[in-house]
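Written below as structure tokens is the structure these notes are about.
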Amino acid sequence: MVLSTTAESDESIDSCMFASRYMQTPLPRFRLPETSIPKDAAYQIIHDELMLDGNPRLNLATFVTTWMEPECDKLMMSAINKNYVDMDEYPVTTELQNRCVNIIARLFHAEVEDGKQAVGCATVGSSEAIMLAGLAFKRKWQNKRKAEGKPYDKPNIVTGSNVQVCWEKFARYFEVELKEVKLREGYYVMDPKKAAEMVDENTICVCAILGSTYNGEFEDVKMLNDLLVQKNKETGWDTSIHVDAASGGFIAPFIYPDLEWDFRLPLVRSINVSGHKYGLVYAGVGWVVWRSKQDLPEELIFHINYLGADQPTFTLNFSKGASQIIGQYYQLIRLGFEGYKLIMENCSANAKYLTEILEKTGRFSILSKEVGVPVVAFSLKDKNLEHDEYEISDHLRKFGWIVPAYTMAPDAQHITLLRVVVREDFSRALAERLAQNIEMVLQELEALHPKILITEDDNVEANGNYKEAGRQARHPDSVDKTKGIC
Amino acid sequence: MVLSRATDSDGSIHSTFASRYVQESLPRFQMPERSIPKDAAYQIISDELMLDGNPRLNLASFVTTWMEPECDKLIMQAINKNYVDMDEYPVTTELQNRCVNIIANLFNAPLSNEEEAVGVGTVGSSEAIMLAGLAFKRKWQNKRKAEGKPYDKPNIVTGANVQVCWEKFARYFEVELKEVKLRKDYYIMDPVKAVEMVDENTICVAAILGSTYNGEFEDVKLLNDLLLQKNKETGWDTPIHVDAASGGFIAPFLYPDLEWDFRLPLVKSINVSGHKYGLVYAGIGWVIWRAKQDLPEELIFHINYLGADQPTFTLNFSKGASQIIAQYYQLIRLGFEGYRNIMSNCAANAKALADGLVRTGRFDILSKEVGVPLVAFSLKDNSKHDEYEIADHLRRYGWIVPAYTMAPDAQQVTLLRVVVREDFNRSLAERLVRDIEKVLHELDALPSKLVTEVTASLVESHPELKEVKDIDIDSTKLNSCHVFNEVLNSQKAVKAWKKFVAQKANRVC
């Protein structure tokens, strides 16, 4: 009798994906697997794991854009295999970047004549933009001190303690001292007077934020400018200003055009803005513009021979995708001034609406201002409640919302708050739903017993400050900037 | 009579090319006042972009230009995720950590079985190199401070063939760049010379696995051995960084016995570009450190992530999550055998291309067989026409093949370079050889560049020559002519100056 064995049927022909053995085998997490797997299997496995990521559009923690028009998605997908830095090979893409720089520079009233190229470049985000701007200030200051025969080994930069973590990165990596103006209760941005006081001969620049990440407020750049002009006159120093307009740069020109914060103020030398925040592009593009050529020391610029012409470049990253730059250009021409204005007005109105509903509950105080980035920052009125903002944040997750809770920057770190960022795609209907869910959460929490047990612990005081102790245990104070909100 | 005027019909009804939007020129410097319909915006930009080069015919770039449609789908779905939101996207963060571990183990990092590797995803090798360099700089500074010695003049030793990002690192982070010069027929860093240049201020020596000029691998093992010797003699602790931007995803698959990675004790960090032979689109790189102690703690930022600590060390903050997911897709989709098959194919196609070029009898091959799959070649005789002209003429056929000069001190050598990527198949290679042969024929028929220039300048200074239809210049006769010599010399001077300037700025990358 002849025994024959049938060959195992080819998996790829007959099995449906979830019948195949690929769904059973755990993927190695630390080592490269020996063999290949079919592309459908690879797609399915990864896609399924990613289902457990948060939904980007319900992520109310982030300023970064989470929705673009399908036409733009199409453009971006077709550009995904273009390496933006190959200027020779992709001259149109390079031209689009230059146009964006010019448009944004003029939006900020840069000192550039008609038809002339503005000084600026595209970056991967505001972090890179800030590092480039900081480098320019540092080098300019060093050159000036060398020429004066003075020591130049201790540069410092003056900011509010509410700055985003990238400023601390800049300070740490580029060996500049960070001098922070502390906040105080009720005043959650940098105080221009205190900032001007802190300026000394080693200060390379003062950084003002247009749109604090904590509560969306705009810092008073005009007052800072005037105070610094005064101080510069008295001391003979030439301390200038950098405006971190990461979120505010695409808000202020449209809804607060009379607010003087940009190059209209003489001491403002450079501005950065995130294209991927209210520039309305997906994550991965930022812009930095300088007032004029002399604000960017020539020795920092690399000259690439591009189509026989000189293309100056100043970036930290080299190869990167071209998609987001094309996306930014799409938005600028698709929306134009009126389009951006309408969108920002909508965001502002939705933020106001959410603010009003929250105030009506009677349980929250609002820490964000009306003039600023459309963000609603709120904290519980009653601090002696048995539950805090962190618990509200946790419970909101159950409904699908991601709303971060955090402490204010020093010296106001006893204040905890929640923050909802109102992006382009956060409609009034979503705002209503969020408010409803917050009320439901409050009711849920009241029905629960407090989570903390009273113990003989050192932290517990006689009048039952167990809530504070518990909060400390679960969420240590964010005194260290590295744990800050972003 | 009542006159009524028909209102302009709604612009959105018109077909895009009938609408007024394609007639008006877009402002280039100023934000337009009004919005335009999205179809118009799409069409206008898409049409302008038609004039960009075709990424897949761009033979100048190492960067990946094709991925499977399934991966494209994953990338598009993740395009609205901001990678840095670790709290909100824990799975994406986990995928990044897995990639770091997989790559670290591929480079034989000395890790125990379940130990987490030290490394991070970056936007590209530039960021990766800056992070690695920062780590070396800080470590060296701390050591010098502890020894009570001056720490204000750090330097780094590399070959002159390094990619421009090393010069950026040096310039921006105030480190001196000490370059080992190349020489004719030796186009990479000489380990012996490199070690001689090391002094007490050297923060590290950077070796390249896959020189951008000709794809060659530098001899990291020899460098390691020589440096060990020198460290013993001097008591310094100079480490090595390997810039494996292109070679990092080649060597483990094609040359597994080549010792270049953490198997060598002095190698402390390695960078590799995910978007080169990692087979992902532009925008992803990886840097791996040997062990925790090679990354000074003070550089690391700790983010509170899901209640646990997530250490991060990057220059960029917000960025898209797509490329990281795509890298993970490639690692699990292809596995070791998949990468090996692809790299073998690339190497075979590169060899076929090199053989085809050798058969024409007109070229020398400057790339080695062991290395990154690229073909660097130069004309045996470039007196009449040079490599730049070949590059220009090839563009007419659609190919983008860069021509450039070698790094100092071999800058008299000009060459062309074709990078063989995953999607450059054998038939494209054969077509390229045929097109190069056509170009050579074309150029042979043309008068030499120099003669053309001389003729032009002669005509310029003697307009009556314009009437002469046929200037048949016999160069042997003209050599004795004074006027000709004068013009000839000035043309030569201009040409040399142009080349000098171009070579400085004409970074091949």
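Chains as they are written, first to last, in the working numbering: chain U, 2 to 487; chain Y, 21 to 529. We treat Cβ as the ideally placed atom computed from N, Cα and C, and that holds for glycine. None of the values given here were measured: they were computed from a predicted structure.
At least one CB atom of chain Y sits nearer than 9 Å to the CB of U:R30.
Not flagged as an interface residue toward chain U: Y:F156, since no C-beta distance is shorter than 9 Å. In this structure, the CA atom of Y:D59 is about 23 Å from the CA atom of Y:K93. Annotated three-state conformation of Y:S39 is coil, per DSSP.
Where Y:F397 is concerned, the enclosing beta strand (DSSP E) starts and stops at L394 to L399. Contact annotation for U:R107 against chain Y: F49, Q50 and M51 [CB-CB distance below 9 Å, chain order]. Contact between Y:Q347 and Y:G418 does not hold, since their C-beta atoms are separated by about 30 Å, which reaches or exceeds 8 Å. Contact of U:H277 with chain Y is assigned, a C-beta pair being separated by under 9 Å. Taking a beta-carbon distance threshold of 9 Å, U:L179 does not count as an interface residue toward chain Y. Bounds of the alpha helix (DSSP H) holding Y:D375 are S342 to T380. Between Y:I223 and Y:P285, the C-beta gap is not smaller than 9 Å, which leaves the two residues out of contact. DSSP places U:E300 outside any beta strand (DSSP E), giving it a letter other than H or E.
Neighbours of Y:W86 in chain U, taken as residues at a C-beta separation under 9 Å, are given in chain order as N82. Fully enclosed alpha helix (DSSP H) runs of no fewer than 4 residues occupy 89 to 97 and 110 to 126 of the segment 67 to 151 of chain Y, in order along the chain.
Annotation: the continuous beta strand (DSSP E) that includes U:E178 extends over E178 to V182. A Cβ of chain Y is located within less than 9 Å of the beta carbon of U:G126. Check the Cα spacing between U:Y44 and each of Y:T85, Y:N78, Y:L69 and Y:C91: the tightest is with Y:C91. Not one beta carbon of chain Y lies nearer than 9 Å to the beta carbon of U:K294. A Cβ-Cβ distance of about 7 Å is found for the pair Y:N78 and U:D87, placing them in contact under the 8 Å criterion. Residue environment: U:G126 is assigned as buried (16 or more neighbouring CB atoms within 10 Å of its CB, all protein chains considered). At the C-beta level, U:E390 and U:T362 stay beyond 9 Å of one another. In the pairwise beta carbon analysis, the segment 273 to 283 of chain Y is classified as touching the segment 117 to 128 of chain Y: at least three pairs are separated by under 8 Å. Per DSSP, the continuous alpha helix (DSSP H) segment holding U:G135 begins and ends at S127 to E149. Taken in chain order, the unbroken stretches of alpha helix (DSSP H) that lie wholly in the segment 222 to 304 of chain Y and span 4 residues or more are 240 to 254 and 271 to 274.
With respect to chain Y, the C-beta atom of U:A410 has no partner C-beta closer than 9 Å. It is roughly 12 Å from the alpha-carbon of U:G161 to the alpha-carbon of U:A413.
Residue contact with chain Y for U:G55: present (Cβ-Cβ distance below 9 Å to some residue of chain Y). Rounded to the nearest whole angstrom, the C-alpha separation of U:P152 and U:Q231 is 24 Å.
Under the Cβ distance rule, U:P156 does not count among the residues neighbouring chain Y, no pair being separated by less than 9 Å. Counting the other Cβ atoms within 10 Å of the Cβ of U:L397 gives 16 or more, which makes it buried. Nearest C-alpha to U:V166 among Y:D429, Y:H322, Y:V459 and Y:F237: Y:H322.
Listed along chain U, the residues sitting closer than 8 Å to Y:I65 by beta-carbon distance are L76, L97, I327, Y330, Y331 and I334. Rounded to the nearest angstrom, the gap between the Cα atoms of Y:L197 and Y:T232 is 18 Å.
The beta-carbon of Y:L69 is placed less than 9 Å from the nearest beta-carbon of chain U. Annotation: Y:Q432 to Y:K201 spans about 13 Å, alpha carbon to alpha carbon. Between U:I205 and U:P156 a beta carbon distance of about 5 Å is seen, short of the 8 Å cut, so the two are scored as contacting.
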